[in-house]
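Chains as they are written, first to last, in this note's numbering: chain A, 1 to 631; chain B, 632 to 950. For reference, the structure is listed below as structure tokens.
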Amino acid sequence: MSYHEAPSIAALDAPRLDQDDRPTLRFVTCGSVDDGKSTLVGRLLYDSKTLFDDQLDALASESKTAGTTGGDLDFALLVDGLQAEREQGITIDVAYRFFATKLRRFIVADTPGHAQYTRNMATGASNADLAVVLVDARKGVITQTRRHSHILSLLGIRHVVLAVNKMDLIGFDGDRFAAITAEYLTLAGQLGISQVQCIPVVAPDGDNIVAASTRMPWYTGPTVTAYLESVDVAGDVSQRPFRLPVQWVNRPHADFRGFCGRIASGAIATGETVTVQPSGLRTRVARILTPGGERDRAAAGESVTLTLADEIDVSRGDVLTAGSAPLVSDQLAAHLVWFDDEAMVAGRRYLLKCGTASTGAVVATLKHSIAIDTMAQESAATLDVNQIGYVHLNLDRPLVFETYRDDRDMGSFILVDPISHRTAAAGMIDLSLRRATNIHWQRGAVDKSMRARLKQQRPCVLWFTGLSGAGKSTIADLVDRRLAELGRHAALLDGDNLRHGINRDLGFSNAERMENVRRVAEIAALFVDAGMIALAALISPFRSERELARQRLEAGEFIEIHVATPLAECERRDPKGLYRKARAGELPAFTGIDQPYEAPQAPEITIDTSELSSEAACERIIGYLREHHYL
Amino acid sequence: MLDVPTVAESSLPGRAEGEPLRTSHLQRLEAESIHILRETAAEFRKPVMLYSIGKDSSVLLHLAMKAFHPGKPPFPLLHVDTTWKFREMIEFRDRRARELGLDLIVHTNNDGLSQGIDPFRHGSARYTDVMKTQALRQALDLHGFDAAIGGARRDEEKSRAKERIFSHRSAAHRWDPKNQRPELWSLYNTLLAPGESMRVFPLSNWTELDIWDYILVENIPIVPLYLSAPRPVVERDGALIMVDDERMPLRPDEEPRMRSVRFRTLGCYPLTGATTSDAATLPEIVREMMASRTSERQGRMIDRDSPASMERKKAEGYF
Chain A
1 MSYHEAPSIA ALDAPRLDQD DRPTLRFVTC GSVDDGKSTL VGRLLYDSKT LFDDQLDALA
61 SESKTAGTTG GDLDFALLVD GLQAEREQGI TIDVAYRFFA TKLRRFIVAD TPGHAQYTRN
121 MATGASNADL AVVLVDARKG VITQTRRHSH ILSLLGIRHV VLAVNKMDLI GFDGDRFAAI
181 TAEYLTLAGQ LGISQVQCIP VVAPDGDNIV AASTRMPWYT GPTVTAYLES VDVAGDVSQR
241 PFRLPVQWVN RPHADFRGFC GRIASGAIAT GETVTVQPSG LRTRVARILT PGGERDRAAA
301 GESVTLTLAD EIDVSRGDVL TAGSAPLVSD QLAAHLVWFD DEAMVAGRRY LLKCGTASTG
361 AVVATLKHSI AIDTMAQESA ATLDVNQIGY VHLNLDRPLV FETYRDDRDM GSFILVDPIS
421 HRTAAAGMID LSLRRATNIH WQRGAVDKSM RARLKQQRPC VLWFTGLSGA GKSTIADLVD
481 RRLAELGRHA ALLDGDNLRH GINRDLGFSN AERMENVRRV AEIAALFVDA GMIALAALIS
541 PFRSERELAR QRLEAGEFIE IHVATPLAEC ERRDPKGLYR KARAGELPAF TGIDQPYEAP
601 QAPEITIDTS ELSSEAACER IIGYLREHHY L
Chain B
632 MLDVPTVAES SLPGRAEGEP LRTSHLQRLE AESIHILRET AAEFRKPVML YSIGKDSSVL
692 LHLAMKAFHP GKPPFPLLHV DTTWKFREMI EFRDRRAREL GLDLIVHTNN DGLSQGIDPF
752 RHGSARYTDV MKTQALRQAL DLHGFDAAIG GARRDEEKSR AKERIFSHRS AAHRWDPKNQ
812 RPELWSLYNT LLAPGESMRV FPLSNWTELD IWDYILVENI PIVPLYLSAP RPVVERDGAL
872 IMVDDERMPL RPDEEPRMRS VRFRTLGCYP LTGATTSDAA TLPEIVREMM ASRTSERQGR
932 MIDRDSPASM ERKKAEGYF
């Protein structure tokens, strides 16, 4: 069944494959500017004989011209890859480096030390098993050390190597080393970092990196390399219940429907019962396809394709589960590390990505921020870039997750700003705020399909989007009338009219525009539940908001109609005189003038009223509804 | 990947006799790459896979076939053809696309072609910009691809080491290395504004040795140029250049000689240096790799312009 032909084992180079069983340890390095992180990593690469001759030659020549070591080998140059970094002599982004020793392979994330780049450190730590924290022996534990260690603990790092660097500059003073060690152990204890190894080093000279230093005979512990080769960081997600976030539904032909994803935890075998969350539907696993062929069992970490015994509804974002139930809720509490220059504001909407699921999310409340230096909880109204906070989130729909403590894959999320598309925050789920049983939807005895049958139509939303003056309301009104003539049941939701009623409290800031769209989407969805055809006509300038509206409905229920009249034509018509006012500066943030309009990328219907009359547009839409069996 | 348990070979239940011996290390890399490929297919409107015919592309294609098995990858292959590739590469490309039944798009910068841009007269920097970087941008714009999957690895080069797995490009195809989106866990921010696109690198965490190990274990077809054979070469500026066709102008003192050589990377033949080698089988290549004292990019002329040349080319849209 597998795609490739199995090669003959005899053709393989057996001794090589034995060596390949070396496990991989992923670690992150962190410390303040000039503590010597890049030098330490460069030294590890150099001493592990990972470097090639041409790279060593390049290092020697660059050390002379760009080095900061007076012509000696500048190991930091091996790691500081970007031109701006070499010019400034600092690291400005995460670099991933690979090296191996006889016992292990290593992937190092080298991260910057300045305060404004905390997000990069969190990034490097998110996939690490262990952290190497550097401190300058002259300075000891400083604010940056506390800050980084706090982020490490939030991101679930339980193993830290404290490398006390530049021991040569304090005359290899063992008492000073002991004092720094004691101070750091206290900090680590407060943070729940359970395993700490403190090692005195001189990174440029290699003392205690690979070889034990002869200059610090009082230190009898392991070298950095020896410790990294032997430390046991194994977690045990394979013993946890089975969880498979569905990434992709594979339907190459009518006889095959497979659900693809990487198993987050646990194991599964053919014939076992799985529950689809959040729907709660149950079935059995029919087949397990893996990259190595068909098998009867698969475990955490593997990318697999499962087929199921019954034809049940499963789509991307759902989670196949077995054993104890996961958490399912639309309200949760989490720690956030804020990344965006634009501060977090309670009440603003973001797009949340967790596993393979995406949903709209609002920060309901910021419970407190955490003072990074003292770990104290402080009350706050906003989170600024690089701040950490504890929040309650309200989600648009129920999410399947675990706490971050239990499962890093199922308990982590990112928040994306729906307008700038920047990754605004990283989140670690602390707990579910509602039990799943409380939020199962009230299902009446009369359901949507029964109502639709009564009305002899397939309910849907016709979502008219486009610039002000494009002709959205005019066409929607014609379609509404035409549907009435045909004896169908429709409801018209006009953006302007709704702003006189349910949306009276909303202005035109980005946040309020998003809320406007959300409310209209919710109302439209209620009409669809009632078996109606809802016509929503509003500018709705942001693609992500329209996508959220689409996600609020079932597949095929959202028909996006782009009324794509060009800006110049809209401005020429200017039926309400708004463009004139906007050009005169009287209407700030007017869509098309000083606010972007994000045109749909793949609307179901596109209409340009400079080419098509409103009547013809109406007939095209009715034609579409007939063709696709809505009518 | 944190906490992903190693699936020990001996404890893999259900593995039938004769199934390939697979190491946990390669399995982990494979699982991660397949996860990335499926995310790309699920999250983008119109993805494409850049197929450069080299060993990394061969691995990438193999992974894509597995990721969507028993279906086919839901995206076409795109080859940017400079018209200066080794002839054996083109033969291999067409044969593989036919064998696997995949949709292959070949794009050449016809403006560059009609201007007669060639690597000998115009120098590698100008040639690379016109026939590779500009050509790639043309092809992406022409077809409206919003995600381009490539086989770059972080161990290749210093600026690659800082590239994200999902790497954002502006509407002008520019990479802004100082303003990259943070990438945490296995969560990828795939949102794009109109005209913007994503470059996706599923092999980010593979090393050159991993690539060869995987080719060996999975028996993946590769262009024969990777294996040593007698080939006509001249020594030019310290590199061994294969005289692949009559378009290569020979200098007065140059006389092509048959030498036993192979290539560690493949590209345009005038810009790709060969290494002398007797490694004519995959296991021999892997053994040679283990003992190697030079990096694979050494054979590439285009990285040598200056230490920051790759970073600059990438910012301009080069892969």
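The beta-carbon is built from N, C-alpha and C at its ideal position, and this holds for glycine as well. Computed from a predicted structure; not experimentally measured.
At a C-beta separation below 7 angstroms, D786(B) has these neighbours in chain A: F98. With 16 or more other Cβ atoms inside 10 Å of its own Cβ, K37(A) counts as buried.
Chain order gives no chain B residues near Q551(A), where near means a beta carbon separation below 9 angstroms; the closest approach is about 13 angstroms. The criterion of a C-beta distance shorter than 7 angstroms is satisfied by K455(A) and G531(A). Considering only T764(B), A910(B) and A824(B), the residue with the shortest C-alpha distance to S891(B) is A910(B).
Following the DSSP letters along the chain, one finds L134(A) inside the beta strand (DSSP E) bounded by residues L130 to D136.
Counting along the chain, the unbroken beta strand (DSSP E) around A860(B) starts and ends at A860 to R867. Look at the beta carbons and you see the stretch 355 to 367 of chain A not touching the stretch 283 to 302 of chain A: under three pairs across the two are nearer than 8 angstroms. Counting the other CB atoms within 10 Å of its CB gives N208(A) a total of 16 or more, which places it among the buried residues.
Minimum Cα-Cα distance from N510(A) among the listed residues D529(A), D310(A) and S544(A) corresponds to S544(A). Against chain A, the beta carbon of E814(B) has neighbours under 7 angstroms at T123, listed in chain order. Interface flag for N250(A) against chain B is set, since a Cβ pair is found closer than 7 angstroms.
When secondary structure is reduced to three states using DSSP, L818(B) falls in the strand class. Along the stretch 237 to 262 of chain A, going in chain order, the ones with a CB nearer than 7 angstroms to a CB of chain B are V237, S238, Q247, W248, N250, P252, F256, C260 and R262. K139(A) and F106(A) have their C-alpha atoms some 29 angstroms from each other.
The three-state reading of DSSP puts H489(A) in coil, since its state is none of H, G, I, E or B.
Among the residues facing chain A, R676(B) is included, as its CB has a counterpart in that chain under 7 angstroms away. Annotated as distal: A673(B) and Q195(A), with beta-carbon spacing of 7 angstroms or more.
Put simply, of L657(B), T912(B) and F723(B) the residue whose alpha carbon is nearest the alpha carbon of L897(B) is F723(B).
Proximity of chain A to A673(B) at the Cβ level (cut-off 7 angstroms) is accounted for by Q247, W248 and R316, in chain order. Those residues of the stretch 719 to 731 of chain B placed with their C-beta closer than 7 angstroms to a C-beta in chain A do not exist. With a contact defined as Cβ atoms closer than 8 angstroms, L815(B) and S412(A) qualify at about 7 angstroms. Of all residues in the stretch 600 to 612 of chain A, the ones placed with a Cβ closer than 7 angstroms to any Cβ belonging to chain B are Q601 and A602, in chain order. For L625(A), the CB contacts under 7 angstroms within the same chain, skipping 5 residues up- and downstream, are L631 in chain order. Chain B has a Cβ within less than 7 angstroms of the Cβ of T423(A). K793(B) is positioned such that its CB atom lies closer than 7 angstroms to that of A95(A). If you check the CB distance, D772(B) and R676(B) do not come in under 7 angstroms.
For S412(A), the closest Cβ of chain B is nearer than 7 angstroms.
Rounded to the nearest whole angstrom, the C-alpha separation of Y845(B) and L660(B) is 10 angstroms. Residue environment analysis places M889(B) among the exposed positions, since fewer than 16 neighbouring C-beta atoms fall within 10 angstroms of its C-beta. For the alpha helix (DSSP H) assignment, the uninterrupted runs of no fewer than 4 residues enclosed by the stretch 668 to 731 of chain B are, from N- to C-terminal side, 686 to 698 and 718 to 731.
Of the candidates G156(A), T145(A) and T143(A), the residue whose Cα lies closest to the Cα of A128(A) is G156(A). By alpha-carbon distance to L492(A), the top candidate from G347(A), L538(A) and D34(A) is L538(A). Around the beta carbon of S449(A), a 10 Å sphere encloses fewer than 16 other beta carbons of the protein chains shown; the residue is thus reported as exposed. Taking 7 angstroms as the CB threshold, A870(B) stays off the interface with chain A.
About 7 angstroms separates the beta carbons of D313(A) and S279(A), which is inside the 8 angstroms limit, making them a contact pair.
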